[in-house]
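Colleague:
Numbering (the working numbering), first residue to last: 106 to 221.
1) Indicate whether residue 217 and residue 184 have their beta-carbon atoms separated by less than 7 Å.
2) Could you check which residue in 192, 210, 196 has the C-alpha nearest to that of residue 156?
3) What separation, rounded to the nearest whole angstrom, lies between the Cα atoms of residue 174 and residue 147?
4) Tell me the DSSP secondary structure of residue 175 in three-state form.
5) Taking the alpha carbon of residue 164 as the point to measure from, which residue in 179, 202, 201, 152 has its own alpha carbon closest?
6) For residue 149, does the three-state DSSP call read helix, strand or coil?
7) Alpha helix (DSSP H) containing residue 204: first to last residue?
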């Protein structure tokens, strides 16, 4: 794609300046020219395992007593969903440091779930 075709456009996020060209461009254009590298979270084995765990946990917690619906059941489900959600969100971040931060949050959620 011709870089001139996208210069001068406001960023879809915040009007950030491109570190590569110093010209304003939208996020989609930045992806197309390779300035932002996106990761496919569904291709990660860790995300797939966490997703399977989430599906199994939801099935299992359906069997819990009704009085635990807003207590233990809710906490376990939220912790489990947080694992996959943070992996997915981290994959959409621009830097390795941001990606690593979201993976650390996922690890924290996994530790929380292990407690329950």
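Just so it is clear, CB atoms sit at the ideal spot from N, CA and C, and this is done for glycine as well.
These figures come from a predicted structure and were not determined experimentally.
Modeller: Checking against the coordinates, here is how it stands:
1) Cβ atoms of residue 217 and residue 184: closer than 7 Å.
2) Residue 156 has its Cα closest to that of 192, out of 192, 210, 196.
3) Near 29 Å, if we compare the C-alpha coordinates of residue 147 and residue 174.
4) Residue 175 carries a coil assignment under DSSP once its states are collapsed to helix, strand and coil.
5) It is 179 whose Cα lies nearest to the Cα of residue 164.
6) Taken through DSSP and simplified to helix, strand or coil, residue 149 comes out as coil.
7) Counting along the chain, the alpha helix (DSSP H) containing residue 204 begins and ends at 201-220.
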